[in-house]
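Each protein sequence line maps, in turn, to chains A and B. Just so we're aligned, residue 18 is where the first sequence starts under our numbering, counting upward by one. Just so we're aligned, residue 18 is where the second sequence starts under our numbering, counting upward by one. Think of the CB as a built atom: it goes at the ideal place given N, C-alpha and C, for glycine as much as any other residue. Notes follow once the structure below has been shown.
Protein chains: 2
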Amino acid sequence: MERSAAPYVAGIDIGGTNTVFGIVSENGDVLCQDSVKTQTYGDIKDYVDTVAGRLEFMIETVGGKEKVRGMGICAPLGNYYSGNIENAANLPWKGIIPLASLFEKTLGIPVKLTNDADAAAMGEMIYGVAHGMKDFIMLTLGTGVGSGIVANGQLIYGSDGFAGELGHVIVRRDGRPCGCGRKGCLETYCSALGVANTAREFLKERSEKSLLRTIALDSITSKDVFDAAKSGDELAKAVFDFTGNILGEAVADFIAFTSPEAVIFFGGLVNAGDLLFKPMRESVDKNVLYTYKGKTKLLVSSLRGADAALLGASALGWEA
Amino acid sequence: MERSAAPYVAGIDIGGTNTVFGIVSENGDVLCQDSVKTQTYGDIKDYVDTVAGRLEFMIETVGGKEKVRGMGICAPLGNYYSGNIENAANLPWKGIIPLASLFEKTLGIPVKLTNDADAAAMGEMIYGVAHGMKDFIMLTLGTGVGSGIVANGQLIYGSDGFAGELGHVIVRRDGRPCGCGRKGCLETYCSALGVANTAREFLKERSEKSLLRTIALDSITSKDVFDAAKSGDELAKAVFDFTGNILGEAVADFIAFTSPEAVIFFGGLVNAGDLLFKPMRESVDKNVLYTYKGKTKLLVSSLRGADAALLGASALGWEA
Chain A
18 MERSAAPYVA GIDIGGTNTV FGIVSENGDV LCQDSVKTQT YGDIKDYVDT VAGRLEFMIE
78 TVGGKEKVRG MGICAPLGNY YSGNIENAAN LPWKGIIPLA SLFEKTLGIP VKLTNDADAA
138 AMGEMIYGVA HGMKDFIMLT LGTGVGSGIV ANGQLIYGSD GFAGELGHVI VRRDGRPCGC
198 GRKGCLETYC SALGVANTAR EFLKERSEKS LLRTIALDSI TSKDVFDAAK SGDELAKAVF
258 DFTGNILGEA VADFIAFTSP EAVIFFGGLV NAGDLLFKPM RESVDKNVLY TYKGKTKLLV
318 SSLRGADAAL LGASALGWEA
Chain B
18 MERSAAPYVA GIDIGGTNTV FGIVSENGDV LCQDSVKTQT YGDIKDYVDT VAGRLEFMIE
78 TVGGKEKVRG MGICAPLGNY YSGNIENAAN LPWKGIIPLA SLFEKTLGIP VKLTNDADAA
138 AMGEMIYGVA HGMKDFIMLT LGTGVGSGIV ANGQLIYGSD GFAGELGHVI VRRDGRPCGC
198 GRKGCLETYC SALGVANTAR EFLKERSEKS LLRTIALDSI TSKDVFDAAK SGDELAKAVF
258 DFTGNILGEA VADFIAFTSP EAVIFFGGLV NAGDLLFKPM RESVDKNVLY TYKGKTKLLV
318 SSLRGADAAL LGASALGWEA
């Protein structure tokens with residue numbers, strides 16, 4: 018069989034805690050998967066040998082290398098063009114690691130690498146709600162905010178492989194300090210940490226009663242705010258209104274960039290549901306340029322289960 | 018000769034005042050050109066017959082239809098996907114005009130249509146400073162602010178053909194009123210009109226001497242501000258510092274979107290030179306995310322002559 022007609026792809030999702038890998042079919046069925054603790058492997062050679070060894074076993078199980086079109090890897094700061102990860106703060110390997118070529122040599126199948134948000138966008142396009150779409154933006158609302166932008170049916174990697182840092186677009190000049198060293202980035206407001214920080218601000222500035230006042234200020238999480246808002250806590254609901262409003266303002270500007278068919282939301286904060294999405298939709302509608310009004314779908318990822326990251330990584334394998 | 022190997026393209030640049038059309042070679046040499054007054058032709062059929070008639074004559078002159086690969090048209094609100102212009106306020110034809118197909122039928126060569134800023138980007142990519150680039154953003158700083166975005170070597174038209182309205186990204190929440198009905202759009206600050214408005218604001222708010230105080234407030238133009246700044250007028254220079262600073266903030270955010278190799282500036286305001294570019298460069302450097310620092314070229318269009326618009330329109334003909 019020609020490899021270009023092979024029915025499966027392999028994928029590796031590398032996180033700071035776990036590395037999940039497996040084999041996926043064209044429909045997005047995970048045929049087999051396994052995982053290792055990333056931090057156990059301080060030496061990159063041990064890591065590649067271990068993961069590749071277990072993947073080789075899986076590949077044999079599904080019928081051998083000729084059944085596998087290619088492999089995709091997603092990792093923090095993964096660069097699509099070079100196939101390297103560079104100085105990823107929460108991975109055990111320092112400096113520049115040629116991850117794609119290490120796995121390609123060991124496994125003998127084509128390997129592509131990208132970062133988490135771009136992999137999520139690819140996963141959505143191949144297996145999820147963006148199937149058949151040529152223009153959409155993926156926003157991952159987790160601890161931080163990441164993004165993957167698809168235009169003309171292709172991911173935009175930009176001149177250096179680092180396009181799509183929409184979490185670091187400035188939404189408030191001289192706003193909250195960001196980990197990037199600047200102020201007012203989208204992710205300082207519309208991430209899980211942003212929601213917790215907004216709750217802290219509101220609790221200090223306002224005097225109204227709130228369930229959140231029973232929690233030590235420093236230990237409040239976005240989950241606490243969500244639980245309180247679900248119980249009808251007005252201050253907690255106001256936190257989501259504030260967050261949704263800023264997110265909507267940002268999304269309205271993003272729409273003016275690529276006029277996407279949809280903006281698709283992924284990540285922990287998406288669990289807040291209408292608490293976040295209702296004010297966000299209202300804010301998009303209020304802030305978007307008339308040219309785009311009512312056109313752009315605002316969707317939640319359909320790959321929300323435990324397999325989402327693995328599916329995203331594997332999606333890149335079809336390109337190979 | 019196969020049309021795909023034909024050495025020339027035709028182009029039509031439709032403006033509210035003039036329509037310029039002609040034949041262009043692969044090197045960007047304008048072999049012949051002509052123009053008509055757009056407003057003379059209230060009837061679209063008369064307009065197409067006149068322009069197409071003169072173009073047919075030009076096409077015969079260069080060796081006939083088989084020597085012409087295709088034709089590009091640029092017009093306000095031109096939609097690439099449909100080939101229509103829709104309700105363009107400063108053109109004499111109301112409603113939806115299927116301009117590309119009207120010319121295609123009359124001339125018998127393939128025709129593509131787009132808007133001014135996208136045509137400028139195509140022109141720059143085929144004949145200008147963006148030659149060989151796969152990722153760049155074109156910003157046209159004229160009466161308003163337009164943009165064309167190229168990623169992966171392709172123009173981004175988006176889901177509806179209207180991508181790239183970067184003049185309407187919000188740079189100041191609740192800022193200056195914009196013609197689009199919203200507030201704080203980039204073009205209310207960083208266009209020719211924006212510069213004149215900033216000068217008016219500064220003259221009212223400040224008491225310092227200025228050459229601009231000899232001009233009636235309502236009739237100040239960006240050219241007046243430029244002339245004053247060139248003569249060393251401090252208030253006029255402060256207007257360009259203010260404009261360049263906001264433009265740089267916006268460009269820094271645009272870079273986080275597509276990580277372009279270059280941002281290319283075009284249009285009347287570009288004549289301000291370092292008065293605008295020095296504060297703009299400083300502002301980009303100060304505001305851009307560390308990932309992109311020092312990477313993006315900030316360039317001036319190389320198609321600044323009278324032929325620029327025609328070259329931009331014709332560039333689309335190579336796609337046909």
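Residue 312 of chain B sits in coil when the DSSP states are folded into three classes, being neither helix nor strand.
Between the stretch 143-158 of chain B and the stretch 143-158 of chain A there are fewer than three C-beta pairs closer than 8 angstroms, too few to call the two in contact.
Below the 7 angstroms Cβ cutoff, chain B contributes 273, 306 and 308 as neighbours of residue 182 of chain A, in chain order.
Here residue 237 of chain A carries a coil assignment [DSSP, helix/strand/coil]. Pairing residue 119 of chain A with residue 47 of chain A gives a Cβ-Cβ distance that is not under 8 angstroms.
Contact annotation: the stretch 166-180 of chain A touches the stretch 158-174 of chain B, with at least three C-beta pairs closer than 8 angstroms.
The distance from the Cβ of residue 113 of chain B to that of residue 103 of chain B is about 5 angstroms, consistent with a contact at the 8 angstroms cut-off.
For the 8 angstroms CB-CB criterion, residue 233 of chain B and residue 257 of chain B do not form a contact. The three-state reading of DSSP puts residue 97 of chain B in coil, since its state is none of H, G, I, E or B.
Collapsing the DSSP output to three states places residue 156 of chain A in a strand. Contact between residue 131 of chain B and residue 284 of chain B does not hold, since the beta-carbon distance rounds to 17 angstroms and is not under 8 angstroms.
A straight line joining the alpha-carbon of residue 105 of chain B with that of residue 253 of chain A spans about 47 angstroms.
Beta-bridge partners assigned by DSSP to residue 39 of chain A: A:28 and A:50. For residue 91 of chain B, there are no neighbours in chain A by C-beta distance under 8 angstroms, as the nearest C-beta there is about 18 angstroms away.
Under a criterion of Cβ atoms nearer than 7 angstroms, the residues of chain A adjacent to residue 171 of chain B are, in order, 169.
At least one beta carbon of chain B lies nearer than 8 angstroms to the beta carbon of residue 278 of chain A.
Put simply, of B:97, B:35 and B:271 the residue whose alpha carbon is nearest the alpha carbon of residue 182 of chain A is B:271.
Look at the beta carbons and you see the stretch 72-84 of chain A touching the stretch 22-39 of chain A: at least three pairs across the two are nearer than 8 angstroms.
In the DSSP assignment, the residues bridged to residue 202 of chain B are B:187.
Of all C-beta pairs linking the stretch 237-246 of chain A to the stretch 212-221 of chain A, three or more are shorter than 8 angstroms, placing the two stretches in contact.
In the three-state DSSP reduction, residue 21 of chain B falls in the helix class (H, G or I).
For chain B, the residues of the stretch 197-212 of chain A that bring a beta carbon within less than 8 angstroms of one of its beta carbons are 197, 198 and 199, in chain order. Residue contact with chain A for residue 187 of chain B: present (Cβ-Cβ distance below 8 angstroms to some residue of chain A). If you draw a straight line from the Cα of residue 255 of chain A to the Cα of residue 244 of chain A, it is about 13 angstroms long. Within the same chain, and ignoring the five residues on either side of residue 42 of chain A in sequence, the residues whose Cβ sits closer than 8 angstroms to its Cβ are 24, 25 and 48. By the rule that beta-carbons nearer than 8 angstroms mark a contact, residue 235 of chain A does not touch chain B. Counting along the chain, the unbroken beta strand (DSSP E) around residue 279 of chain B starts and ends at 279-283.
Each of A:266, A:223 and A:230 was checked against the Cα of residue 202 of chain B, and the nearest Cα belongs to A:266. For the pair residue 248 of chain B and residue 229 of chain B, the CB atoms are not nearer than the 8 angstroms cut-off.
Contacts between residue 179 of chain B and chain A, judged by CB atoms closer than 8 angstroms, involve 276, 308 and 309 in chain order. Taking 8 angstroms as the upper bound for CB-CB distance, residue 337 of chain A and residue 140 of chain A are not in contact here, some 15 angstroms apart. In this structure, the alpha-carbon of residue 138 of chain A lies about 8 angstroms from that of residue 164 of chain A. Closest in alpha carbon position to residue 136 of chain B, among B:90, B:101 and B:36, is B:90. Annotation note: the stretch 109-136 of chain A contains the following uninterrupted beta strand (DSSP E) runs of length 3 or greater, listed N- to C-terminal: 128-131.
Contact annotation for residue 270 of chain B against chain A: 186 and 187 [CB-CB distance below 7 angstroms, chain order]. Taking 4 residues as the shortest admissible run, the stretch 208-276 of chain B contains the following complete alpha helix (DSSP H) segments, listed from N- to C-terminal end: 209-222, 239-247 and 251-275.
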